Ligand code: ADP
Ligand code: ASP
Ligand code: MG
């Protein structure tokens, strides 16, 4: 008998018919003798619907009182889907009980809309499991030290599931979604994308942080920190497929490099449209400019991703960096009002129509010429590279947003990712 955590995403929970299907699948696992904890997302579209209602009443703002209410509101989506799943399980003849995050409790910090899990008390859940119940725990939410409901950021149910699995030392955490595993790139953009049977934890971490929305990055961080065995698989297979076959399907996240396995140099391609580029032009080139520009940005709690400083010409230089698109206007205003006059820079320019495309692979550690192959492939498509950043196992470029799909497809082909 094993302790297994299942997580079902929004599409998998998208209708009463699909919830019934989830219930039948979970019942199959419970009847096979496993203790089951299930973490559902809200029904697809529900979180957007709820947040949309809030925006109708008051536009988004950076205000703790407002963010608190957004969490109070958004958390209801998972509360509803969890209760519906418990009802569906009961109608399948299983004993089942659902808990909201605060009832477990899942304790978080107070960063509304992007809270971090700090601890999980599993006493209540364990009691139910021991009594033979299937326990449903809402995804995406917790409770802060003052008893307020918090949420974990969009896509946060993945993190809830892995955190519950880590806290309870579950034997496995299965992330059921609307694709049958982790692919070489988003199969909705590149139909030739291939499913990976395994992906290393480090590669998954990079892919998630660089924009592959299949797993929320914090869920991968948790899995790595606590070595949670984790698999991504489809909820759209018939619920009654053989359980052993199901348990081996999808993509396994691995923690050890398999020496014997021939590693692909590049395992995957990630992309995102979430960033915007800002350039401070004509900055006098003297010590402290990076600090003056980025210090002011950091003081405003704005995160910076890529940074480039050009070599100076006649004592002046340009300084460019990227921020999240949601912070674009705020950063531009801050620079125009405070930093540019103080520095004596010429102007500040910005472009929100960019995207970041990245190649990821642990094989890049031991192979040279991978980045140049990437640049050649983009140049053959006539795509101009605006910024570059590299780490041991990834190379990212910033390009014009309109070339995103073209770039991803070209790179997918150039690195033979469509070939088994
Ligand atoms: P869920 O609602 O189950 O959490 P998500 O929409 O958050 O599902 O994540 C699944 C989606 O992630 C897929 O439908 C797919 O379009 C997208 N995706 C992006 N990159 C990848 C990738 N490399 N492999 C698989 N899916 C990916
Ligand atoms: N329902 C939340 C969202 O839409 C959390 C999740 O689905 O993981 O972001
Ligand atoms: Mg998701």
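In my numbering, the protein residues as written are -10 to 409. Note that the Cβ used here is the ideal one computed from N, Cα and C, for glycine as well. This structure is a prediction, so every number in the text was calculated from the model and none was measured.
Less than 8 Å between the beta carbons of residue i and residue j, yes or no?
i: residue 131; j: residue 97; result: yes
i: residue 114; j: residue 26; result: yes
i: residue 211; j: residue 151; result: yes
i: residue 376; j: residue 262; result: no
i: residue 406; j: residue 173; result: yes
i: residue 94; j: residue 110; result: yes
i: residue 257; j: residue 196; result: yes
i: residue 221; j: residue 171; result: yes
i: residue 63; j: residue 55; result: no
i: residue 400; j: residue 343; result: no
i: residue 260; j: residue 397; result: yes
i: residue 160; j: residue 201; result: no
i: residue 13; j: residue 199; result: no
i: residue 323; j: residue 289; result: yes
i: residue 395; j: residue 369; result: no
i: residue 351; j: residue 372; result: no
i: residue 86; j: residue 117; result: yes
i: residue 73; j: residue 59; result: no
i: residue 354; j: residue 390; result: no
i: residue -2; j: residue 146; result: yes
Residue range of the alpha helix (DSSP H) that residue i falls in?
i: residue 241; result: Careful: residue 241 lies outside any alpha helix (DSSP H), inside the beta strand (DSSP E) at 240 to 243.
i: residue 204; result: That residue, residue 204, is in no alpha helix (DSSP H); it is neither H nor E in DSSP.
i: residue 320; result: 317 to 323
i: residue 44; result: 35 to 46
i: residue 392; result: From DSSP, residue 392 is part of no alpha helix (DSSP H); its letter is neither H nor E.
i: residue 67; result: 53 to 80
i: residue 235; result: 232 to 236
i: residue 151; result: 146 to 156
i: residue 329; result: 329 to 332
i: residue 13; result: 5 to 20
i: residue 361; result: 359 to 369
i: residue 404; result: Looking at the DSSP string, residue 404 is not in any alpha helix (DSSP H), and its letter there is neither H nor E.
i: residue 193; result: 190 to 198
Looking only at C-alpha atoms, which of the options sits nearest to residue i?
i: residue 245; options: 297, 188, 364; result: 188
i: residue 135; options: 285, 162, 99, 408; result: 99
i: residue 435; options: 320, 198, 243; result: The first residue shown for the chain is -10 and the last is 409, placing residue 435 beyond what the model contains.
i: residue 419; options: 76, 61, 215; result: Absent from the structure is residue 419, since the part of the chain shown begins at -10 and ends at 409.
i: residue 306; options: 72, 290, 323, 275; result: 275
i: residue 414; options: 365, 41, 56, 149; result: An answer regarding residue 414 cannot be provided, because it is not within the stretch -10 to 409 covered by the chain.
i: residue 17; options: 82, 41, 6, 53; result: 82
i: residue 4; options: 22, 23, 21, 29; result: 29
i: residue 208; options: 265, 380, 378, 156; result: 156
i: residue 166; options: 205, 364, 190, 293; result: 205
i: residue 378; options: 324, 175, 298; result: 298
i: residue 265; options: 345, 40, 273; result: 345
i: residue 242; options: 318, 193, 72; result: 193
i: residue 238; options: 163, 31, 387, 133; result: 163
i: residue 139; options: 53, 303, 180; result: 53
i: residue 316; options: 296, 304, 147, 291; result: 291
i: residue 8; options: 59, 44, 301, 79; result: 79
i: residue 1; options: 24, 72, 365, 32; result: 32
i: residue 142; options: 44, 37, 180; result: 37
i: residue 410; options: 203, 191, 158; result: The structure shown does not extend to residue 410, since the chain is modelled only from -10 through 409, so no value can be given for it.
i: residue 294; options: 374, 385, 277; result: 385
i: residue 71; options: 57, 90, 61; result: 90
i: residue 190; options: 308, 240, 300; result: 240
By the DSSP assignment, the beta strand (DSSP E) with residue i in it spans what residues?
i: residue 123; result: 123 to 126
i: residue 349; result: 343 to 349
i: residue 408; result: It is not in any beta strand (DSSP E) - residue 408 carries neither H nor E in the DSSP assignment.
i: residue 220; result: 219 to 223
i: residue 449; result: An answer regarding residue 449 cannot be provided, because it is not within the stretch -10 to 409 covered by the chain.
i: residue 260; result: 257 to 261
i: residue 278; result: Residue 278 -> not in any beta strand (DSSP E); alpha helix (DSSP H) instead, spanning 278 to 288.
i: residue 265; result: 264 to 273
- Message: With a threshold of 8 Å, are at least 3 pairs of Cβ atoms found where one atom belongs to the region 266 to 273 and the other to the region 331 to 340?
- Response: Using a C-beta cut-off of 8 Å, the region 266 to 273 makes contact with the region 331 to 340, since at least three inter-stretch Cβ pairs fall below that distance.
- Query: Between the region 101 to 118 and the region -7 to 13, are three or more C-beta pairs nearer than 8 Å?
  - Reply: Below 8 Å, too few C-beta pairs join the region 101 to 118 and the region -7 to 13 to call them touching: fewer than three.
- Below 8 Å, can you find three or more Cβ-Cβ pairs linking the region 220 to 234 to the region 357 to 364? Counting Cβ pairs under 8 Å, fewer than three are found: no touch.
- Message: Assess contact between the region 111 to 127 and the region 63 to 71, defined as three or more Cβ pairs (one per stretch) separated by less than 8 Å. Is contact present?
- Response: They touch, by the three-pair rule.
- Query: Does the region 301 to 319 touch the region 215 to 225, meaning 3 or more C-beta pairs lie closer than 8 Å?
  - Reply: No, because fewer than three Cβ pairs between the region 215 to 225 and the region 301 to 319 fall closer than 8 Å, the two stretches do not touch.
- Is it true that the region 281 to 299 meets the region 325 to 332, where meeting means three or more beta-carbon pairs spaced less than 8 Å apart? As far as the Cβ criterion goes, the region 281 to 299 touches the region 325 to 332, which means the pair count is three or higher.
- Are at least three pairs of beta-carbons, each pair with one atom in the region 115 to 124 and one in the region 175 to 187, less than 8 Å apart? Counting Cβ pairs under 8 Å, fewer than three are found: no touch.
- Where the beta carbon is closer than 6 Å to any heavy atom of the ligand MG, which residues qualify, in chain order? A distance filter of 6 Å between CB atoms and the heavy atoms of the ligand MG selects the following residues in sequence order: -2, 144, 147.
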